[in-house]
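Undergrad:
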Amino acid sequence: MGSTKLHAIRINVETHFVEEKSSIEHNRYFFNYTVTISNDGLVPAQLVSRHWIITDANEETFEVKGLGVVGEQPLIQPHESYTYTSGTELNTPVGSMHGSYQMVSEDGTAFDAEIPMFILSMPRTLH
């Protein structure tokens with residue numbers, strides 16, 4: 001029997017500093033993140049809710065929990081992906097995010113898909 005899992009979710013995140021929404025003089029740094037959720041498993045899985053842990057450079061931590069992502073609870077078929085873009089604001093130019101998506105597969109099994117930690121960082125500028 002192969003090593004393919006019934007429930008296997010792979011998550012990739014790309015980040016982007018949004019200068020036009022940020023206010024550096026007021027310590028407000030806005031970042032967009034684009035998440036691609038790939039179902040590498042054998043059964044369809046629906047994203048039901050999310051749990052984010054956001055940490056800024058001062059070690060202040062914020063938790064965000066809620067249903068779905070960007071107003072949706074996508075059902076992701078095997079070998080397919082779902083991509084969305086959202087954003088967050090920090091009080092520091094650098095921070096990190098990680099967490100999990102709560103999933104339910106078509107067979108009724110509930111499981112968490114871990115979101116690996118990624119860095120939010122304002123690009124350095126030369127003057």
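Heads up, the sequence shown is in this note's numbering, so the first residue is 1 and it goes up one at a time.
All C-beta atoms, glycine included, are put in the ideal place defined by N, C-alpha and C.
All values reported here derive from a predicted model rather than from experimental measurement.
1) If you draw a straight line from the alpha carbon of Ser121 to that of Pro93, how long is it in whole angstroms?
2) Ends of the beta strand (DSSP E) at Gln102?
3) Quick one: is Asn39 buried, meaning 16 or more other Cβ sit within 10 Å of its Cβ, or exposed?
4) Under 8 Å by Cβ, that's how I've got Ser86 and Val69 pegged, so tell me the actual separation to the nearest angstrom.
5) Cα separation between Lys21 and Thr88?
6) Contact between the stretch 28-43 and the stretch 70-84: three or more CB pairs below 8 Å?
7) Once the 5 residues before and after Lys65 are set aside, which same chain residues still bring their CB inside 6 Å of it?
8) Below 8 Å CB to CB, which residues in the same chain sit around Leu6 once its five sequence neighbours on both sides are set aside?
9) Cutting at 6 Å between CB atoms, please list the residues of its own chain near His16, excluding the five before and the five after it.
10) Could you tell me the distance, in whole angstroms, from the CA atom of Phe30 to the CA atom of Leu90?
11) So, for Phe62: in the same chain, excluding its five sequence neighbours on each side, which residues have a beta-carbon less than 6 Å away from its beta-carbon?
12) So, using beta-carbon positions, are Val48 and Gln102 closer together than 8 Å?
TA: Put simply:
1) By 1-based counting over the sequence shown, the position of residue 121 is 121. By 1-based counting over the sequence shown, the position of residue 93 is 93. Rounded to whole angstroms, the gap between the alpha carbons of Ser121 and Pro93 is 6 Å.
2) Here residue 102 refers to the residue found at position 102 of the sequence shown. It spans Val94 to Ser105 - the beta strand (DSSP E) in which Gln102 sits, taken as one unbroken run.
3) What you label residue 39 is simply residue 39 of the sequence shown in a count that begins at 1. So Asn39 counts as buried.
4) For the purposes of this step, residue 86 is taken as residue 86 along the sequence shown, with counting starting at 1. For the purposes of this step, residue 69 is taken as residue 69 along the sequence shown, with counting starting at 1. Between the beta-carbon of Ser86 and that of Val69 there is about 7 Å, and that keeps the pair under the 8 Å contact cut.
5) Within the sequence shown, numbered from 1, the residue matching residue 21 stands at position 21. Within the sequence shown, numbered from 1, the residue matching residue 88 stands at position 88. Between the alpha carbons of Lys21 and Thr88 lies a gap of roughly 11 Å.
6) Yes: the two stretches touch, three or more of their Cβ pairs being nearer than 8 Å.
7) Taking the sequence shown and counting its residues from 1, the one referred to as residue 65 is at position 65. Around Lys65, the same chain offers His51 as residues with beta carbons nearer than 6 Å, after the five sequence neighbours per side are excluded.
8) Here residue 6 is taken as the residue at index 6 of the sequence shown, counted from 1. The beta carbon of Leu6 sits closer than 8 Å to the beta carbons of Gly41, Leu42, Val43, Ser105, Asp107 and Thr109 from its chain, once the five residues preceding and following it are set aside; these are given in chain order.
9) Counting from one through the sequence shown, the residue named residue 16 turns up at place 16. Apart from the 5 residues on each side of it in sequence, His16 sits with its Cβ closer than 6 Å to the Cβ of Asn32 in its chain, given in chain order.
10) If you number the sequence shown from 1, residue 30 lands on position 30. If you number the sequence shown from 1, residue 90 lands on position 90. About 6 Å.
11) Reading the sequence shown from its first residue, position 62 is the one you call residue 62. The residues are Ile54.
12) Walking along the sequence shown from the start, residue 48 turns up at place 48. Walking along the sequence shown from the start, residue 102 turns up at place 102. Cβ distance < 8 Å, so Val48 and Gln102 count as in contact.
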